[in-house]
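Right, one structure below, let's go through it.
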Amino acid sequence: MGQGWAAPGLSRLLLLLLLCCGHPLLAPGQGTTSQGTTGQVSVNQGTTSRATTSSQTTTRHPTTSSPKTQSPNLVSDEAEASKFVEECDQRSRVVWNEYAEANWDYSTNITKEGSKILLEKNVQMANHTVKYGTWARKFDVTNFQNATMKRMIKKIQDLERAALPVKELEEYNQILLDMETTYSVASVCYSNGTCLRLEPDLTNLMATSRNYEELLWAWKGWRDKVGRSILPYFPKYVELTNKAARLNGYEDGGDSWRSMYEMPFLEYDLEQLFQELQPLYLNLHAYVRRALYRFYGSEFINLEGPIPAHLLGNMWAQSWSNIYDLVVPFPSAPRMDATEAMIKQGWTPQRMFKEADDFFTSLGLLPVPPEFWNKSMLEKPTDGREAVCHASAWDFFNGRDFRIKQCTTVNMEDLVVAHHEMGHIQYFMQYKDLPVTFREGANPGFHEAIGDVLALSVSTPKHLHKINLLSSGDGSYEEDINFLMKMALDKIAFVPFSYLVDQWRWRVFDGSITKENYNQEWWSLRLKYQGLCPPVARSQGDFDPGAKFHIPSSVPYIRYFVSFVIQFQFHEALCQAAGHKGPLHECDIYQSQEAGKRLADAMKLGSSRPWPEAMRLITGQPNMSAAAMMTYFKPLLDWLVTENGRHGEKLGWPQYNWTPNSARLEDSFPGSGRVNFLGLSLEEEQARVGQWVLLFLGVALLVATLGLTQRLFSIRHRSLHQPHPEPQFGSEVELRHS
């Protein structure tokens, strides 16, 4: 894969010079290239067989860990427990509100004073958690008749990070703050001093540029700036996350995160869902790879290899919808992007969120309160404030204050994101009367899925026509395939990425991935599951996982994989409730009160009941399944299979160790401020130092050579003038052995 060892910066140069001078202190290794890939893939009756090796995720024990509850003199009085949970809930509303306010203030205005206040509120929240969590552990809930109270006390018993000793908790909170701040304020700069922030600058560049070198500059620059800066914090973060988990009775941090799903065989079940969706992804990957081959050529794309990760329209290649123009199946048929119409009609970020609110209320769901419009941050600040631009929805735990923070751009992609975030807000409002402990999604994937379900309707040509963002199409086969391709570039392309992020993190937490091979294993998984490769060689001095928001922010990611599966289950069930007839991808549930009721009934439960009960309220059955997603994309899959067959495409990436010819181009983009020196990517100052080092070594070698020559001639001269008492081999043999 071209992931051989490489030392960063000037140290790499000095090492190369030592090697050239005959001191093999370290040699570039071949062993770091992973072969745990989707080498050959065969599709047979809807299942996918995959060639794997030792890099495959190891089988784990069932996720059955639970917080410690053993304590002497346990209390079994249910009336006393009732008083406890009431007091805990009343106090929790105050503490969580104060913490949320401090967190909001810091996230929308990053200052040292704000960080100080946030850390103080973190301590206050930790003290609250320890106090009531320790108290909760004094109850024996085994024989409680009230199942809700029993469940609530068990949740309160988990102290989470507050279980850490005070000094370590302070260190942990500071590490998290430093990592997120590093990510949020980072920028990539040209040599002329012009700097690009992630939002909106680099995001727009990755979405719109088709210049290979420019994309490479942005991709590499972001990882150089962010990933490498976060790496020093990460091992200690892992250590403290694991310690907190073990103090709560879990095996490690990953075990703690997985426990939120209350599924004893979570990893096995998720793997089965992933395998069900493999035929869709593999066919999409092969089709997109050929389209990129047509555009960029054989120098940068191999029709049997992985795709360079910077060419897919997104900084992390998690969504490919921005390269729709390169892969559209039928260019002459209508294209399903409303961005141009939104801009022409003067849409604003506020208008986008109003549209989302209107969709929810059309289902009989709750409108957002006035506080939402008064207090949300829907656009990037223009007054000089630094802010965390990553979109997020906020509950302030007082039953009336709910906000969104998003640096919104007027385009179709952010219209979908607006519906996603408004889905969180709707969930907050539906369970606002529950105890604070239960103000969560039925499982983390449910919370992510609600807004996306509505976005599936919003994205249809039918609905876009209703809101005057798309001219009425002809409903042709070509239009359908174009629409499904647009959706697949977002939904199907995301599946393996959403699956692998926590595969990597869980293995970091359990110790099977160590800090010495963080980056190597990250790219092994990206190759194995996504069929992607880095466009330039990576080293263990790089930390590419850290260039994704959820890693430095410590946000579990498998929720998005779960969400992308169950949102199609929800969509199918809600379409049936709305009386839809016809293909699933044409359904629009706008104005269906029955669909809205099903959603509301499930959301009102929060996490007070196990998630299968909420699933049953929406779909009529309790299980997660990829069948609805496969049904939705069936017309596209059929078309892809035919199209790929016509070109003789090989599914998967059998030439897994291929890399693009990017090494000589990585620094050629004008204004990058870097130069190619002896094949190394160096800052101009580093290159100048390198030139002086080379000059010094050259002079030293010249002096040494002259000295050695003088000595050899001296030896030869003495040898020729000294008598030899007996035959000798002569000086030539001596010289050859010198």
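Letter by letter, the sequence shown follows residues -22 to -1, 1 to 716 of mature numbering (1 follows the signal peptide of the UniProt record, and there is no 0).
Idealized CB from N, CA, C, for every residue including glycine.
| Around the C-beta of L52, are 16 or more other C-beta atoms found within 10 angstroms, so that it is buried, or is it exposed? | Walking along the sequence shown from the start, residue 52 turns up at place 74. Per the 10 Å Cβ criterion, exposed.
| query | What's the call for R188, buried or exposed, on a 16-neighbour Cβ count within 10 Å? | reply | The residue given as residue 188 occupies position 210 in the sequence shown. The residue is exposed, with fewer than 16 neighbouring Cβ atoms inside 10 Å.
Between V163, L412, M465, which has its C-alpha nearest L434's C-alpha?
Mapped onto the sequence shown, residue 434 falls at position 456. Answer by Cα proximity: M465.
Exercise for review: Could you name each continuous alpha helix (DSSP H) segment of 4 residues or more that falls completely within the region 162 to 196, going from the start of the chain to the end?
Suggested key: 181 to 186
Label P210 either buried or exposed according to how many other C-beta atoms from any shown protein chain fall within 10 Å of its C-beta, with 16 as the threshold for buried. Here residue 210 corresponds to residue number 232 of the sequence shown, with the count starting at 1. With fewer than 16 Cβ atoms within 10 Å of its Cβ, P210 is classed as exposed.
Taking all protein chains shown into account, do 16 or more other C-beta atoms lie within 10 angstroms of the C-beta of V144, making it buried, or fewer, making it exposed? Position 166 of the sequence shown, counted from the first residue, corresponds to residue 144. Classification for V144: exposed.
Since L194 and S640 should fall inside the 8 Å C-beta cutoff, what is the C-beta to C-beta distance between them, to a whole number of angstroms? As a working note, residue 194 is residue 216 in the sequence shown. As a working note, residue 640 is residue 662 in the sequence shown. About 6 Å separates the two Cβ atoms, so the contact holds.
Does the Cβ-Cβ distance between N124 and E56 come in under 9 Å? As a working note, residue 124 is residue 146 in the sequence shown. As a working note, residue 56 is residue 78 in the sequence shown. Cβ distance < 9 Å, so N124 and E56 count as in contact.
Range of the contiguous beta strand (DSSP E) that encloses R381:
As a working mapping, residue 381 is identified with position 403 in the sequence shown. Residues 380 to 383.
- Could you tell me the distance, in whole angstroms, from the CA atom of F416 to the CA atom of P257? For the purposes of this step, residue 416 is taken as residue 438 along the sequence shown, with counting starting at 1. For the purposes of this step, residue 257 is taken as residue 279 along the sequence shown, with counting starting at 1. Their backbone Cα atoms lie some 38 Å apart in a straight line.
Discussion item. Using a 10 Å radius around the Cβ and a threshold of 16 neighbouring Cβ atoms, would you call A420 buried or exposed?
Written reply: The residue labelled residue 420 in the question sits at position 442 within the sequence shown. It is buried - the Cβ of A420 has at least 16 other Cβ atoms within 10 Å.
Is it right to say E499 is buried, meaning 16 or more other beta carbons lie within 10 angstroms of its own, or is it exposed?
Start at 1 with the first residue of the sequence shown, and residue 499 comes out as number 521. Buried: at least 16 other Cβ atoms inside 10 Å.
message = For the structure I just gave you, are there three or more beta carbon pairs, one from the region 122 to 142 and one from the region 172 to 179, closer than 8 Å?
response = no
Taking only three categories from DSSP, how would you classify A515?
Numbered from its first residue, the sequence shown carries residue 515 at position 537. In the structure shown, A515 sits in coil (DSSP, three-state: anything other than H, G, I, E or B).
Point to revise | the region 575 to 591 contacting the region 541 to 555, beta-carbon criterion three pairs below 8 Å | key: yes
Review point. Going by DSSP, which residues form a beta bridge with I285?
Key: Counting from one through the sequence shown, the residue named residue 285 turns up at place 307. Per DSSP, L510.
Original post:
Along the chain, where does the beta strand (DSSP E) that runs through S370 open and close?
Top reply: On the sequence shown, residue 370 is found 392 positions in, with the first residue counted as 1. Its beta strand (DSSP E) spans residues 370 to 373.
* Cα-Cα separation, T597 to K99 -> Here residue 597 refers to the residue found at position 619 of the sequence shown. Here residue 99 refers to the residue found at position 121 of the sequence shown. When rounded, the distance between both Cα atoms is 41 Å.
* Asked: By Cβ distance below 6 Å, which residues in the same chain neighbour V395 in space, the five residues on each side in sequence not counted?
  -> In the sequence shown, counting from the first residue as 1, residue 395 sits at position 417. Within the same chain, V395 has close Cβ partners A369.
Which residues in the same chain have their Cβ closer than 7 Å to the Cβ of L503, if we skip the five residues on either side of it in sequence? For the purposes of this step, residue 503 is identified with residue 525 of the sequence shown, where counting begins at 1. Hits under 7 Å: L478, Q481, W482.
Spatial neighbours of residue 717 in its chain, beta-carbon cut-off 7 Å, leaving aside the 5 residues before and after | Residue 717 lies beyond the residue range present for the chain, which begins at -22 and ends at 716; the question has no answer from this structure.
- List the endpoints of the continuous alpha helix (DSSP H) containing E138. Here residue 138 corresponds to residue number 160 of the sequence shown, with the count starting at 1. Here E138 belongs to no alpha helix (DSSP H), and DSSP marks it neither H nor E.
Original post:
Looking only at C-alpha atoms, which of N497, P309, R537 sits nearest to I208?
Top reply: In the sequence shown, counting from the first residue as 1, residue 208 sits at position 230. Closest by alpha carbon: N497.
* Asked: Quick one: is N170 buried, meaning 16 or more other Cβ sit within 10 Å of its Cβ, or exposed?
  -> Counted from its first residue, the sequence shown places residue 170 at position 192. With fewer than 16 Cβ atoms within 10 Å of its Cβ, N170 is classed as exposed.
Can you look up M465 in the DSSP assignment and give me helix, strand or coil? Taking the sequence shown and counting its residues from 1, one reaches residue 465 at position 487. If DSSP states are grouped into helix, strand and coil, M465 belongs with the helices.
Review point. Along the chain, where does the alpha helix (DSSP H) that runs through Y204 open and close?
Key: Here residue 204 corresponds to residue number 226 of the sequence shown, with the count starting at 1. The identity of residue 204 in the sequence shown is Val, whereas the question assumes Tyr. Careful: V204 lies outside any alpha helix (DSSP H) and carries neither H nor E.
From M400, A295, T387, pick the residue whose C-alpha is nearest to that of T339; which is it?
Translated into the one-based positions of the sequence shown, residue 339 becomes position 361. That would be M400, whose Cα lies nearest to the Cα of T339.
> How many angstroms separate the CA atom of V436 from the CA atom of P286?
Replying inline: Within the sequence shown, the letter at position 458 stands for residue 436. Within the sequence shown, the letter at position 308 stands for residue 286. Rounded to whole angstroms, V436 to P286 spans 32 Å at the Cα level.
Item to complete: Compare the Cα-Cα distances from P439 to each of L248, S165, H563 and report the closest residue.
Response: Walking along the sequence shown from the start, residue 439 turns up at place 461. It is H563.
Would E91 be called buried (16 or more neighbouring beta carbons within 10 Å of its own) or exposed? As a working note, residue 91 is residue 113 in the sequence shown. E91 comes out exposed.
Quick one: using the 10 Å Cβ neighbour count with 16 as the cut-off for buried, is P530 buried or exposed?
In the sequence shown, the residue the question calls residue 530 occupies position 552. Label assigned to P530: buried.
Using a Cβ-Cβ cut-off of 7 Å (strictly less than) and excluding sequence neighbours within five positions of I301, which residues of its own chain qualify?
If you number the sequence shown from 1, residue 301 lands on position 323. Correct list, in chain order: L290, G291.
* Pair within 9 Å by beta-carbon distance, M320 and N389 -> Your numbering for residue 320 matches position 342 in the sequence shown. Your numbering for residue 389 matches position 411 in the sequence shown. Yes; because the gap between Cβ atoms is below 9 Å, this pair is in contact.
Just to confirm the assignment: which complete alpha helix (DSSP H) runs, minimum length 4, are found wholly within the region 200 to 287?
212 to 225, 231 to 236, 244 to 274
For F308, name the three-state secondary structure that DSSP assigns.
Taking the sequence shown and counting its residues from 1, one reaches residue 308 at position 330. Correct three-state label for F308: coil.
Quiz item: When you compare only the Cα positions, how much space is there between L244 and W589?
Solution: For this step, residue 244 is matched to residue 266 along the sequence shown. For this step, residue 589 is matched to residue 611 along the sequence shown. L244 and W589: Cα-Cα distance of roughly 13 Å.
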